[in-house]
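Protein chains: 2
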Amino acid sequence: MPETDGNALVDDLAARIRSKIMSGEIPIGAPLRQAELAAQFGISRTPVREALRQLQTGGLIEVVPNRGAVVRVPVPWEVREAYEVRAELESLAARRAVDRLDDTTIAELRSINKAMYERSLAVAAGTATERDGNDNDQFHSRIYEASANTRLSRMLGEINDAFPRNVSALVLKDSSRHREENFREHEELLEALAAGDADRAAELMRAHVLRAGEHLAHWYERRSSTVFTG
Amino acid sequence: MPETDGNALVDDLAARIRSKIMSGEIPIGAPLRQAELAAQFGISRTPVREALRQLQTGGLIEVVPNRGAVVRVPVPWEVREAYEVRAELESLAARRAVDRLDDTTIAELRSINKAMYERSLAVAAGTATERDGNDNDQFHSRIYEASANTRLSRMLGEINDAFPRNVSALVLKDSSRHREENFREHEELLEALAAGDADRAAELMRAHVLRAGEHLAHWYERRSSTVFTG
DNA sequence: CGCCCTATGATTGGATCCAATTATGGTGCC
DNA sequence: GGCACCATAATTGGATCCAATCATAGGGCG
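Protein chains in written order, with this note's numbering: chain Z, 112 to 341; chain D, 112 to 341.
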């Protein structure tokens with residue numbers, strides 16, 4: 112099956128760079144030098160430039176004429192705005208998912224949530240090492256898929272891609288209160304989904320996302336580390 | 112005031128190409144040849160390629176490896192999906208706008224809506240020539256602005272930019288029933304906005320957008336002209 | 001001693017080049 | 001006459017080149 116869209120190399124490249132930013136390997140605020148990236152991937156600057164344009168359109172990086180690209184540093188009000196939109200969209204996703212989720216998927220969601228919680232406990236206790244892949248993303252992504260609306264999934268992905276994931280993970284990692292809250296809210300949501308209560312699921316999801324956004328915005332308000340300062 | 116983001120030339124270029132597609136000058140389905148565009152704007156292919164990447168990320172065009180870019184031809188279910196998301200977001204925009212709209216802006220909205228309606232009547236009667244700038248966009252854009260959430264505005268702009276505007280205009284132009292409906296629904300919405308009834312405004316907006324989406328999807332279902340067939 | 005001004009190096013941005021892939025048109029064979 | 005195959009033209013994609021712009025460091029002047 113051939114690629115349905117986009118040039119493989121450039122799209123792959125954009126994905127790789129995005130992933131480096133998402134993981135925190137390239138911190139927010141850091142400059143992205145074309146020559147450096149090109150050397151790193153063993154290619155010329157031309158495809159790098161095109162990939163950067165894609166990331167620019169996605170809003171993850173900022174490009175200033177003749178001065179290059181830097182990883183955007185979100186300001187708190189941007190986070191709040193984005194999460195108000197995300198809350199609205201995830202609320203819609205949850206509502207749509209109610210009629211489409213089968214028992215198997217609900218069981219999977221339960222399992223993901225439980226595993227995430229237990230892992231976080233183990234990590235906090237020092238009896239386990241943390242994973243890089245974020246389970247929290249997985250939980251929400253499953254619901255996007257279940258909503259069966261590609262545009263909706265795409266736009267939610269876009270919002271999530273605007274904020275490096277390692278930061279969101281930090282918020283959960285650093286506070287046991289937030290971990291507990293996250294777990295409990297997921298559980299409540301799952302109950303509503305399983306019960307087929309669309310209104311309640313939508314409302315729980317909205318509140319859940321708004322709270323998470325508030326935590327994230329708060330983090331950015333007093334961010335100190337993990338921000339590149341040249 | 113310097114450019115805050117993006118390279119002036121490439122961004123301008125992307126905007127110009129987008130506008131050609133939006134206006135229908137480049138019809139949906141038509142191929143976008145790099146050399147042709149470069150010659151047309153009197154530049155080399157390099158910035159054209161970067162601009163095309165931006166449009167690709169925006170979803171307006173499709174790029175197949177080694178075969179170039181074509182203007183995407185939306186299929187009806189994509190339109191329905193997009194408009195369900197748009198309805199949700201515009202509903203949020205209307206709700207937020209309620210607390211922020213001042214009387215002046217409401218008066219402007221009334222005036223825009225009335226002007227659009229009267230112009231459409233005049234055009235239908237043959238006593239006036241139609242404008243290219245779409246008043247309907249202006250009406251909705253005003254509400255986006257009033258919602259005072261840049262992310263929300265941006266995402267709504269993104270959805271609207273995914274479907275060439277001349278098509279949406281055609282839908283309104285070709286049917287007096289749709290024109291009447293559009294005018295009346297805008298008026299009702301304005302009443303709710305003026306009355307400060309957030310719930311009602313949100314609900315009216317949702318229904319209004321969903322109906323418009325249905326019309327548009329229906330058009331694409333039996334599209335015949337204005338689609339490029341090589 | 002500090003500030004400005006200039007020279008140099010680093011980096012981006014547009015143009016050009018060439019290889020690789022795809023579309024096209026023509027010829028021959030069945 | 002139609003279909004397959006091959007040669008050639010058109011087009012994309014990555015690499016390279018060079019000019020323009022920006023950052024930086026060193027020297028001159030007040």
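Backbone N, C-alpha and C fix where the C-beta goes; we use that ideal spot for every residue, glycine too.
Interface partners of residue i on chain D, CB under 7 Å
{"i": "Thr168 (chain Z)", "result": "Gln165, Thr168, Gly169"}
Buried versus exposed call for residue i [16 or more other C-beta atoms within 10 Å across all chains shown]
{"i": "Gly307 (chain Z)", "result": "exposed"}
{"i": "Thr168 (chain Z)", "result": "buried"}
{"i": "Ala119 (chain Z)", "result": "exposed"}
{"i": "Phe339 (chain D)", "result": "exposed"}
{"i": "Gln151 (chain D)", "result": "exposed"}
{"i": "Ser279 (chain D)", "result": "buried"}
{"i": "Gly153 (chain D)", "result": "exposed"}
{"i": "Glu241 (chain D)", "result": "exposed"}
{"i": "Glu229 (chain D)", "result": "exposed"}
{"i": "Arg178 (chain D)", "result": "exposed"}
{"i": "Glu147 (chain D)", "result": "exposed"}
{"i": "Glu192 (chain Z)", "result": "buried"}
{"i": "Glu114 (chain Z)", "result": "For Glu114 (chain Z), the predicted model reports a pLDDT of 44, less than 50, meaning its position is unreliable; a value from the coordinates is still stated below. When all chains shown are included, Glu114 (chain Z) counts as exposed."}
{"i": "Ile128 (chain D)", "result": "buried"}
{"i": "Asp213 (chain D)", "result": "exposed"}
{"i": "Met222 (chain D)", "result": "Checking the displayed sequence, the identity of residue 222 (chain D) turns out to be Ser instead of Met. Result: exposed."}
{"i": "Glu332 (chain D)", "result": "exposed"}
{"i": "Arg160 (chain D)", "result": "buried"}
{"i": "Arg262 (chain D)", "result": "buried"}
Cβ separation of residue i and residue j, assumed to be a contact under 8 Å, to the nearest whole Å
{"i": "Val182 (chain D)", "j": "Ala141 (chain D)", "result": "5 Å"}
{"i": "Arg290 (chain D)", "j": "Ser231 (chain D)", "result": "5 Å"}
{"i": "Ala309 (chain D)", "j": "Arg206 (chain D)", "result": "5 Å"}
{"i": "Thr216 (chain Z)", "j": "Arg253 (chain Z)", "result": "7 Å"}
{"i": "Ala218 (chain Z)", "j": "Asp246 (chain Z)", "result": "Actually they do not touch by this definition, with Cβ atoms about 16 Å apart."}
{"i": "Leu300 (chain D)", "j": "His319 (chain D)", "result": "6 Å"}
{"i": "Val121 (chain Z)", "j": "Pro158 (chain Z)", "result": "5 Å"}
{"i": "Asn224 (chain D)", "j": "Glu298 (chain D)", "result": "7 Å"}
{"i": "Ser202 (chain Z)", "j": "Ala328 (chain Z)", "result": "Between Ala328 (chain Z) and Ser202 (chain Z) the Cβ distance is about 19 Å, and since that is not below 8 Å, they are no contact."}
Alpha-carbon spacing of residue i relative to residue j, whole angstroms
{"i": "Trp330 (chain Z)", "j": "Ser130 (chain Z)", "result": "21 Å"}
{"i": "Leu315 (chain D)", "j": "Glu136 (chain Z)", "result": "46 Å"}
{"i": "Ser258 (chain D)", "j": "Ala204 (chain D)", "result": "5 Å"}
{"i": "Met112 (chain D)", "j": "Ser286 (chain Z)", "result": "A caution first: Met112 (chain D) carries a pLDDT of 41, below 50, which makes its placement in the model too unreliable to give a value."}
{"i": "Leu163 (chain D)", "j": "Ile172 (chain D)", "result": "8 Å"}
{"i": "Ala233 (chain Z)", "j": "Ala239 (chain Z)", "result": "5 Å"}
{"i": "Leu321 (chain Z)", "j": "Tyr194 (chain Z)", "result": "6 Å"}
{"i": "Leu267 (chain Z)", "j": "Gly237 (chain D)", "result": "45 Å"}
{"i": "Leu96 (chain Z)", "j": "Glu325 (chain Z)", "result": "The first residue shown for chain Z is 112 and the last is 341, placing residue 96 (chain Z) beyond what the model contains."}
{"i": "Ala180 (chain Z)", "j": "Leu283 (chain D)", "result": "42 Å"}
{"i": "Ala149 (chain Z)", "j": "Pro138 (chain Z)", "result": "18 Å"}
{"i": "Gln145 (chain Z)", "j": "Ala273 (chain Z)", "result": "21 Å"}
{"i": "Met133 (chain D)", "j": "Ala125 (chain D)", "result": "12 Å"}
{"i": "Val190 (chain Z)", "j": "Gln249 (chain Z)", "result": "21 Å"}
{"i": "Val175 (chain Z)", "j": "Gln165 (chain D)", "result": "16 Å"}
{"i": "Glu269 (chain D)", "j": "Arg211 (chain Z)", "result": "27 Å"}
{"i": "Glu256 (chain D)", "j": "Arg317 (chain Z)", "result": "23 Å"}
{"i": "Asn277 (chain Z)", "j": "Glu292 (chain D)", "result": "48 Å"}
{"i": "Gly170 (chain Z)", "j": "Leu281 (chain D)", "result": "32 Å"}
{"i": "Ala323 (chain Z)", "j": "Asn271 (chain D)", "result": "29 Å"}
{"i": "Arg311 (chain Z)", "j": "Glu296 (chain D)", "result": "29 Å"}
{"i": "Trp188 (chain D)", "j": "Pro275 (chain D)", "result": "16 Å"}
{"i": "Leu220 (chain D)", "j": "Arg265 (chain Z)", "result": "31 Å"}
{"i": "Phe294 (chain D)", "j": "Ala235 (chain D)", "result": "15 Å"}
{"i": "His251 (chain Z)", "j": "Asn260 (chain Z)", "result": "14 Å"}
{"i": "Asp123 (chain Z)", "j": "Arg334 (chain Z)", "result": "31 Å"}
Partner residues on chain Z for residue i, Cβ-Cβ distance less than 8 Å
{"i": "Glu192 (chain D)", "result": "Asn260, Thr261, Arg262, Leu263"}
Under 7 Å by beta carbon: chain Z residues contacting residue i
{"i": "Met133 (chain D)", "result": "Under the 7 Å cutoff, chain Z gives no residues; its nearest Cβ is about 17 Å from Met133 (chain D)."}
{"i": "Arg160 (chain D)", "result": "Glu161"}
{"i": "Met266 (chain D)", "result": "Val196, Met266"}
Legend entry - Contacting positions in the segment 197-209 of chain D - beta carbon closer than 7 Å to chain Z: Glu199, Leu200, Leu203
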